[in-house]
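Just so we're aligned: the sequence shown equals residues 21 to 281 in my numbering.
For glycine and all other residues, C-beta sits at the position ideal for the given N, C-alpha and C.
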Amino acid sequence: MKKTTHRPAQKQQRIIALINQKGGVGKTTSVVNVGAGLAALKYRVLLVDLDPQAHLTYSLGVNADELEATIYHLLKGEADFSQARLEIHNLALLPASIDLAGAEIEFSTEVGREAFLANVLKGQSAYDFILIDCPPNLGLLTLNALTAAKEVFVPLQAEYLSIKGLTKLMEMVEKVKQRVNPALKISGMIATQYDRRLRLHNEVFENLKNHFGDKLFKTFIRRNVTLAEASSFGQSIFDYAPHSYGAEDYRSLVQEILKMG
Ligand SMILES: Nc1ncnc2c1ncn2[C@@H]1O[C@H](COP(=O)(O)OP(=O)(O)OP(=O)(O)O)[C@@H](O)[C@H]1O
Ligand SMILES: [Mg+2]
Numbered sequence: 021m022k023k024t025t026h027r028p029a030q031k032q033q034r035i036i037a038l039i040n041q042k043g044g045v046g047k048t049t050s051v052v053n054v055g056a057g058l059a060a061l062k063y064r065v066l067l068v069d070l071d072p073q074a075h076l077t078y079s080l081g082v083n084a085d086e087l088e089a090t091i092y093h094l095l096k097g098e099a100d101f102s103q104a105r106l107e108i109h110n111l112a113l114l115p116a117s118i119d120l121a122g123a124e125i126e127f128s129t130e131v132g133r134e135a136f137l138a139n140v141l142k143g144q145s146a147y148d149f150i151l152i153d154c155p156p157n158l159g160l161l162t163l164n165a166l167t168a169a170k171e172v173f174v175p176l177q178a179e180y181l182s183i184k185g186l187t188k189l190m191e192m193v194e195k196v197k198q199r200v201n202p203a204l205k206i207s208g209m210i211a212t213q214y215d216r217r218l219r220l221h222n223e224v225f226e227n228l229k230n231h232f233g234d235k236l237f238k239t240f241i242r243r244n245v246t247l248a249e250a251s252s253f254g255q256s257i258f259d260y261a262p263h264s265y266g267a268e269d270y271r272s273l274v275q276e277i278l279k280m281g
């Protein structure tokens, strides 16, 4: 990645939630590597792990079991932002822990529960980008992400049902937009784990292109085992294997994200 010595100009903070209720589609991998790619270009980036599985936290080499303050404590109002925030290389992280698994039920009777994350992020204007990694469901945590975010990116794998499953997500985005967050929009679909040798993948992605037009990023993230290896070593693809296809693809996706709108 080309390094600049000065921080690039960024007009407005972008808060982006990566959501797909289907598991294993590349949400966490995209949060880590888009985040790291932006940070390498000197943007100030905050990553938020909103998934009780804490995969984002582990993917950055942090042991979620040993943390005293996490996003759970922030949502509950039991910790300050600076107590929970970790600095990892050039990224800031609000880590998760398994405590978050109980949050859906625990918060279920609390007033304003859909806006807890929005309140946590309010005033965090030091960051150019805030990327939120969501769990694979459309429950209260995802609702919090939609209430706090301005944009949604949807990572997708090439499967015949990948479009069908999106209807529910789109309905939820529409409701949140109408009721509490008028600026919210689905701004990008990310094709992940793409294998151009598979006819199925080409057919499905052709279909996605027809369906979503410009919203589908032109960069397809190819299937590349190095991406999985990098996260098992707690590293971004740019640190672990900067010359891999995975690094090439995420670098190119970052450029598209910067050119949007
Ligand atoms: N482009 C890719 N090529 C190969 N493996 C990948 C790729 N992207 C992600 N993976 C691997 O696929 C698995 C699922 O990816 P990831 O954890 O990013 O998905 P997710 O949508 O966050 O899953 P969950 O819904 O469980 O949170 C992980 O093991 C990850 O390392
Ligand atoms: Mg994940």
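Alpha carbon to alpha carbon, how far is residue j from residue i? Give it in angstroms, no decimals.
i    : j    : result
A135 : L160 : 10 Å
A56  : L111 : 7 Å
V172 : M190 : 10 Å
I125 : D119 : 11 Å
A59  : P202 : 29 Å
Q32  : S145 : 9 Å
P115 : N230 : 37 Å
N227 : L151 : 27 Å
T162 : I39  : 8 Å
L95  : R219 : 45 Å
Q41  : Q177 : 12 Å
D148 : R64  : 5 Å
Between residue i and ligand 2, is the CB less than 6 Å from at least one heavy atom?
i    : result
T48  : yes
H221 : no
Keeping to the same chain, check which residues put their C-beta closer than 7 Å to that of residue i; ignore five residues upstream and five downstream.
i    : result
Q103 : A89
R133 : F127, L160
F232 : M209
S79  : T48, V52, S251, G254
DSSP on residue i, reduced to helix/strand/coil?
i    : result
L80  : coil
A116 : coil
D153 : strand
M192 : helix
K142 : coil
S290 : Residue 290 lies beyond the residue range present for the chain, which begins at 21 and ends at 281; the question has no answer from this structure.
D148 : coil
K96  : helix
E88  : coil
Q198 : helix
Y270 : helix
Can you tell me whether residue i sits near ligand 1, meaning its C-beta is under 6 Å from at least one heavy atom of the ligand?
i    : result
V172 : no
R243 : yes
Would you grab the beta carbon distance between residue i and residue j for me? Rounded to a whole angstrom, and I think it's under 8 Å.
i    : j    : result
T239 : D269 : 6 Å
V224 : I206 : So it is not a contact: roughly 18 Å between Cβ atoms.
Taking 8 Å as the limit between beta carbons, can you name the residues of its chain near residue i, skipping five residues before and five after?
i    : result
Y260 : T246, E249, A250, F253
G266 : N53, I241, R242, N244, T246, L247, A250, I257
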